[in-house]
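Novice:
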Amino acid sequence: MWFVAFVVGAIAVYEELTSPVDLTNATSYVVWGLYVPTYMYFIGASAGAFLISVIVNVLGTKKLEPTVKLSLYSALVLLIMAIFTIILDLGHPERAIEVLSRPQYHSVMADVVTVYVIYFVLLVVELLLSFRLDLIEGRFGSLGGSAPIKKLISRLLHPSAGSPESLERSARLIRRSFLYLGAFGLIIALLFHGGVGALLGTVYFSKPWWTGPLFPIVFVAGALYSGAALFIVILMALWPRKDEEFREMIAYLGRIVYWLLIGNAVLIVADLVIPIWYGTDPAGTAITNEVLFGQYWYVFWIFEVLLGFIVPGILLSSRFRDRPVIVGIGGAFAGIFYFAVRLVEVIPAYSVPEIPGLQSAYVDPRLIDTYTPSIHEWEVVTFMVAFGIGLLYLGYRILPLVPRAAAPTMPEQGRGGSAPTMPEQGRGGSMGPISGDAGEPKLMERRGFLRSVSLAAAGFLVAVSIKWGALTKATSSALAYSRQAARALIARERERLAAVSTGIIEGLARREGAERPSFVDENKLVKAAGEGVVAVSPLVAQAAQVAVAETDFEDESWSQPYTWLPGQPTIQVPPGYDELNPIYRMMEDLKRALAKPANQRKWGMVIDTRKCVGCFACTVGCKIENKEPPGVVYRPVVVAVHGDYPNQSATFLPRPCMQCENPPCTEVCPVGATFKRPDGIIAIDYDVCIGCRYCITTCPYQARTFDWGLNYTDGTPKIEYYDIWTSFEYGVDKWDRPVDSRKSPKFNTHKCHFCIHRLESGMLPQCVTTCIGRATYFGDLNDPDSLVSKLLREQGVSRLKEELGTEPKVYYIGLTEPMMEEEAPMADGAWVP
Numbered sequence: 001m002w003f004v005a006f007v008v009g010a011i012a013v014y015e016e017l018t019s020p021v022d023l024t025n026a027t028s029y030v031v032w033g034l035y036v037p038t039y040m041y042f043i044g045a046s047a048g049a050f051l052i053s054v055i056v057n058v059l060g061t062k063k064l065e066p067t068v069k070l071s072l073y074s075a076l077v078l079l080i081m082a083i084f085t086i087i088l089d090l091g092h093p094e095r096a097i098e099v100l101s102r103p104q105y106h107s108v109m110a111d112v113v114t115v116y117v118i119y120f121v122l123l124v125v126e127l128l129l130s131f132r133l134d135l136i137e138g139r140f141g142s143l144g145g146s147a148p149i150k151k152l153i154s155r156l157l158h159p160s161a162g163s164p165e166s167l168e169r170s171a172r173l174i175r176r177s178f179l180y181l182g183a184f185g186l187i188i189a190l191l192f193h194g195g196v197g198a199l200l201g202t203v204y205f206s207k208p209w210w211t212g213p214l215f216p217i218v219f220v221a222g223a224l225y226s227g228a229a230l231f232i233v234i235l236m237a238l239w240p241r242k243d244e245e246f247r248e249m250i251a252y253l254g255r256i257v258y259w260l261l262i263g264n265a266v267l268i269v270a271d272l273v274i275p276i277w278y279g280t281d282p283a284g285t286a287i288t289n290e291v292l293f294g295q296y297w298y299v300f301w302i303f304e305v306l307l308g309f310i311v312p313g314i315l316l317s318s319r320f321r322d323r324p325v326i327v328g329i330g331g332a333f334a335g336i337f338y339f340a341v342r343l344v345e346v347i348p349a350y351s352v353p354e355i356p357g358l359q360s361a362y363v364d365p366r367l368i369d370t371y372t373p374s375i376h377e378w379e380v381v382t383f384m385v386a387f388g389i390g391l392l393y394l395g396y397r398i399l400p401l402v403p404r405a406a407a408p409t410m411p412e413q414g415r416g417g418s419a420p421t422m423p424e425q426g427r428g429g430s431m432g433p434i435s436g437d438a439g440e441p442k443l444m445e446r447r448g449f450l451r452s453v454s455l456a457a458a459g460f461l462v463a464v465s466i467k468w469g470a471l472t473k474a475t476s477s478a479l480a481y482s483r484q485a486a487r488a489l490i491a492r493e494r495e496r497l498a499a500v501s502t503g504i505i506e507g508l509a510r511r512e513g514a515e516r517p518s519f520v521d522e523n524k525l526v527k528a529a530g531e532g533v534v535a536v537s538p539l540v541a542q543a544a545q546v547a548v549a550e551t552d553f554e555d556e557s558w559s560q561p562y563t564w565l566p567g568q569p570t571i572q573v574p575p576g577y578d579e580l581n582p583i584y585r586m587m588e589d590l591k592r593a594l595a596k597p598a599n600q601r602k603w604g605m606v607i608d609t610r611k612c613v614g615c616f617a618c619t620v621g622c623k624i625e626n627k628e629p630p631g632v633v634y635r636p637v638v639v640a641v642h643g644d645y646p647n648q649s650a651t652f653l654p655r656p657c658m659q660c661e662n663p664p665c666t667e668v669c670p671v672g673a674t675f676k677r678p679d680g681i682i683a684i685d686y687d688v689c690i691g692c693r694y695c696i697t698t699c700p701y702q703a704r705t706f707d708w709g710l711n712y713t714d715g716t717p718k719i720e721y722y723d724i725w726t727s728f729e730y731g732v733d734k735w736d737r738p739v740d741s742r743k744s745p746k747f748n749t750h751k752c753h754f755c756i757h758r759l760e761s762g763m764l765p766q767c768v769t770t771c772i773g774r775a776t777y778f779g780d781l782n783d784p785d786s787l788v789s790k791l792l793r794e795q796g797v798s799r800l801k802e803e804l805g806t807e808p809k810v811y812y813i814g815l816t817e818p819m820m821e822e823e824a825p826m827a828d829g830a831w832v833p
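If you're matching positions, the sequence shown starts at 1 in this note's numbering and goes up one per residue.
Shown next, in the form of structure tokens:
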């Protein structure tokens with residue numbers, strides 16, 4: 001079973017690291033899926049396992065002294081499992097080292113990673129000092145482990161020859177260092193696990209579920225509880241001597257875990273009841289109801305309450321404490337099913353949107369607030385568990401962590417067939433350091449282990465072959481049908497678009513008193529629209545592209561739409577037009593702003609919700625301009641319907657990035673990939689972003705989304721050109737999206753940036769020029785003569801969530817409370833790509 005889990009999980013990990021498409025069920029609104037609770041569970045269990053060594057070294061509990069080395073090694077293994085799990089969750093795991101090479105210590109994540117390094121070194125140092133103490137006090141020979149490894153450790157750590165007094169001084173010095181290292185280590189363990197809680201607590205702007213008064217205490221107490229419970233299981237599996245000393249250790253640990261269980265249960269109940277009792281936080285109350293009675297009820301009531309607390313509470317009670325097997329089963333229930341607590345702590349926080357109705361503003365499978373882990377995610381977690389079990393067993397076999405099964409004090413016993421005095425010693429043959437005694441776990445006996453591995457591997461291969469054949473046949477049929485359907489659809493769309501575009505362009509020519517322009521003139525119209533001078537509407541410009549392309553549709557040289565590049569001349573504003581069209585007024589404002597140094601201008605946007613008609617032209621224009629892939633949207637429009645039929649009304653709320661003056665997203669980025677430019681725009685360096693999605697979680701406006709590597713034509717016979725178009729975001733011609741690659745901007749956070757590449761070329765943002773109702777205004781807030789400054793002075797403006805102190809630079813005219821309070825009940829009214 002272990003071998004199958006390891007192999008299946010290893011395949012899933014390989015796919016996770018190499019697949020150009022994300023294989024999880026995470027979305028841009030639920031960005032932290034199964035891997036994050038798993039990481040938090042492992043890191044908490046590491047702190048709890050380390051607690052055992054602290055009880056011995058700091059509190060002087062001699063009863064558990066034989067388990068110190070095993071507890072330190074268990075804590076080390078669990079730490080490695082946690083780190084590997086969270087690295088796999090990154091969009092760019094290859095950049096994980098950036099957190100250490102260029103840390104931003106204003107980010108809690110960077111601080112926590114630094115503490116992990118200190119904790120790792122501390123565990124290794126304590127483990128080596130334990131080996132040295134065993135060498136000094138003569139216990140090293142009685143320990144298990146591989147003879148070559150023990151010889152190497154003895155050679156490296158053996159004290160130099162000296163008098164018994166000097167050896168005694170060395171032993172006292174090591175024990176004293178254990179006292180200080182243990183106390184320091186306890187602080188570090190609580191600090192780094194408290195830091196994990198702080199990772200959640202620092203997003204108080206957006207996730208009230210993580211900011212309860214007891215949340216930090218619950219986090220740390222749960223770590224000690226789950227880690228100590230798992231250590232009981234490890235001790236039951238690996239301790240070779242099931243004697244009276246072993247019974248006392250298990251009973252003592254069972255008592256510790258039992259009282260930690262009681263304390264955790266009280267804290268969790270209080271943490272759930274307080275928000276409901278006071279009712280001061282509607283979002284927190286809604287999430288609590290979702291946990292108790294909503295889509296996550298079974299995780300809470302069955303896995304957390306029943307299997308994680310009630311069952312282990314019974315098995316760990318004083319009634320069964322003298323039975324190690326029952327205590328071990330209770331520890332297994334407590335340690336394993338506490339994982340449900342971590343799930344409930346993380347996932348439900350995303351179930352309540354920050355902007356009501358946002359989940360219906362743009363329909364996309366990766367823009368929803370519901371989440372269920374995929375089979376692939378469970379396979380990766382299974383690998384991490386199998387990997388950890390393998391490391392524990394490897395350490396048990398080669399390192400001197402636990403006593404040998406045969407007591408070395410009477411060497412004549414157990415040799416030559418003489419009867420041993422202890423049932424664990426000898427099987428009628430000579431004893432080596434590791435002899436496969438009856439006291440070892442039967443599962444690890446060589447013959448039984450190899451037999452299990454062979455049967456499991458054979459069954460796995462048969463299942464894979466059967467499944468692969470069926471999958472291949474089904475895929476071939478689906479591809480053949482999809483190819484025919486796609487060709488027919490493309491042919492119909494070509495004819496329809498050609499007819500529409502021809503009619504639009506001829507109508508435009510008649511309105512302007514000219515003959516139908518030639519294809520060359522149409523191309524100029526396209527360029528004029530792209531340059532921000534909207535002499536024609538963007539719809540006409542796009543229709544002109546289709547008309548031009550119709551001349552030779554098989555030639556895909558037209559497929560890259562015209563995009564402004566730096567260095568090209570701008571089109572002059574016709575005289576007098578700035579008085580008739582606000583676009584031209586804003587163009588003049590833009591020219592004045594660009595003539596100033598970047599740190600003297602501050603870009604801002606004003607949106608008049610009274611003029612917004614909900615056409616979604618800004619959303620579409622933004623998607624096209626920035627080549628936004630599935631799961632990414634910069635400017636959704638939230639639709640809210642008020643009243644009952646027939647007395648109904650609708651309001652529309654465009655939501656770009658707020659470009660906050662005090663942005664919380666820049667503070668949490670561990671590598672400085674997201675930053676505020678001198679002109680106030682919040683930008684992202686795709687080449688530095690590690691894809692941790694911490695900034696997405698922190699944003700109180702949900703203005704950030706994630707590129708999951710998906711394509712609009714996934715599942716069709718061919719990935720079309722528009723899926724691999726190069727994006728000119730941030731003014732560089734490098735952001736292509738190869739189908740078989742994970743390179744940036746794939747697996748990076750994305751956000752609205754006021755079309756920096758257009759601004760720096762003298763053009764307005766695409767959403768401004770595309771708005772058919774002229775509801776969006778843009779300019780320099782530091783320029784008192786700009787149109788946006790005039791609107792701020794003369795119109796009653798407001799901003800979203802001003803109480804947070806983020807100082808957004810996007811202002812709204814006509815923003816009313818119902819827009820923010822009422823959920824948009826019309827997913828069918830949202831724009832669907």
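C-beta: ideal position from N, C-alpha, C; glycine also.
It should be emphasised that the depicted structure is a prediction, and the values quoted were computed from it without experimental measurement.
Quick check: the Cα distance between S477 and K718, rounded to an integer number of angstroms?
Specialist: Interpretation of S477 is limited by its pLDDT of 47, a score under 50 that renders its predicted location unreliable; the figure taken from the coordinates is listed afterwards. Distance between S477 and K718, taken at the CA atoms: about 15 Å.
Novice: So the alpha helix (DSSP H) L90 belongs to, where does it begin and stop?
Specialist: Element bounds for L90: n/a, residue is neither H nor E.
Novice: Grab the span of the beta strand (DSSP E) containing Y39 for me, first residue to last.
Specialist: Y39 -> not in any beta strand (DSSP E); alpha helix (DSSP H) instead, spanning Y35 to N57.
Novice: Among the residues of its own chain, which have a CB less than 7 Å from the CB of A10, if the five just before and after it don't count?
Specialist: F383
Novice: Excluding five sequence neighbours on each side, which residues of the same chain lie with their C-beta closer than 7 Å to the C-beta of A44?
Specialist: Residue 44 is actually Gly in this sequence, not Ala. H193, G222, A223, S226 and G227.
Novice: Where does E377 land, buried or exposed, given buried means 16+ other C-beta within 10 angstroms?
Specialist: buried
Novice: Where do the ends of the beta strand (DSSP E) carrying G328 lie?
Specialist: Element bounds for G328: not the beta strand (DSSP E) but the alpha helix (DSSP H), P324 to F337.
Novice: May I have the straight-line CA-CA distance separating F605 from L261, to the nearest angstrom?
Specialist: The displayed chain sequence assigns Met, not Phe, to residue 605. Their backbone Cα atoms lie some 53 Å apart in a straight line.
Novice: The beta strand (DSSP E) with N647 in it runs from where to where?
Specialist: N647 to P654
Novice: Can you tell me whether A334 is buried or exposed? The criterion is at least 16 other CB atoms within 10 Å of its CB, across all chains shown.
Specialist: buried
Novice: Which same chain residues end up closer than 6 Å to S465 when comparing Cβ atoms and leaving out the 5 residues on each side of it in sequence?
Specialist: Bear in mind that the predicted position of S465 carries a pLDDT of just 44, short of 50, making it too unreliable to give a figure here.
Novice: Going by beta carbon distance, what residues of the same chain come within less than 7 Å of L88, once the five residues before and after it are set aside?
Specialist: V13, E16, Y35 and V380.
Novice: Output needed for R601: all residues of its chain with C-beta closer than 6 Å, excluding positions within five of it in sequence on either side, in chain order.
Specialist: A593, D679, D780 and N782
Novice: Contact defined as beta carbons within less than 8 Å: I believe V632 pairs with T716. What is the distance between those atoms, to the nearest angstrom?
Specialist: In fact, because the Cβ distance is near 20 Å, the residues do not count as touching under 8 Å.
Novice: Which of the three DSSP states, helix, strand or coil, is assigned to D589?
Specialist: helix
Novice: Hey, T697 and W32 are a contact pair by Cβ (cut 8 Å); roughly how many whole angstroms apart?
Specialist: 6 Å
Novice: What does DSSP give as the partner residue(s) for S798 in the beta ladder?
Specialist: Y812
Novice: Which first and last residues belong to the beta strand (DSSP E) in which M605 is found?
Specialist: W603 to D608
Novice: With DSSP as the reference, identify every bridge partner of R704, one or two as the case may be.
Specialist: K751
Novice: The beta strand (DSSP E) that contains H642, what's its start and end?
Specialist: Annotation for H642: the continuous beta strand (DSSP E) segment containing it runs V637 to D644.
Novice: Hey, could you find the ends of the alpha helix (DSSP H) I696 is sitting in?
Specialist: Counted as a single uninterrupted DSSP element, the alpha helix (DSSP H) harbouring I696 occupies residues Y694 to T698.
Novice: Any chance the segment 131-145 sits against the segment 391-399, with 3 or more Cβ pairs inside 8 Å?
Specialist: Yes, the segment 131-145 touches the segment 391-399.
Novice: For the alpha helix (DSSP H) containing Y300, list its first residue and its last residue.
Specialist: Residue identity check: residue 300 is Phe in the sequence provided, not Tyr. No alpha helix (DSSP H) holds F300; DSSP gives it neither H nor E.
Novice: Could you work out which residue in W735, S318 and I681 is closest to I250 when comparing CA atoms only?
Specialist: For I250, the closest C-alpha among the options W735, S318 and I681 is that of S318.
Novice: Entirely within the segment 157-225 and at least 3 residues each: give me those beta strand (DSSP E) ranges in chain order.
Specialist: Restricted to the segment 157-225, not a single beta strand (DSSP E) segment is unbroken, complete and at least 3 residues in length.
Novice: From the DSSP output, in three-state form, read off G680 for me.
Specialist: coil
Novice: Between which two residues does the beta strand (DSSP E) holding T776 run?
Specialist: Residues T776 to D780.
Novice: Look at D608 and A775 and say whether their C-beta atoms are less than 8 Å apart.
Specialist: yes
Novice: Find the nearest neighbour of S71 within the set S154, V273, L51 and I287, judged by alpha-carbon distance.
Specialist: L51
Novice: Answer with buried or exposed for M1, where buried requires no fewer than 16 other C-beta atoms within 10 angstroms of its C-beta.
Specialist: So M1 counts as exposed.
Novice: Between I684 and C657, is the Cβ-Cβ spacing less than 8 Å?
Specialist: no
Novice: Can the beta-carbon of I690 be found closer than 8 Å to that of H92?
Specialist: Between I690 and H92, the gap from beta carbon to beta carbon is short of 8 Å.
Novice: I'd like to know if the segment 809-818 and the segment 616-627 are in contact, where contact means that at least 3 CB-CB pairs between them fall below 8 Å.
Specialist: no
Novice: Where does L70 fall in DSSP's three states?
Specialist: helix
Novice: From F337 to A183, what distance separates their C-alpha atoms?
Specialist: Between the alpha carbons of F337 and A183 lies a gap of roughly 29 Å.
Novice: Given S837, which residues of its chain have a CB within under 8 Å of its CB, disregarding the five upstream and five downstream residues?
Specialist: With the chain running from 1 to 833 in the structure shown, residue 837 is simply not present.
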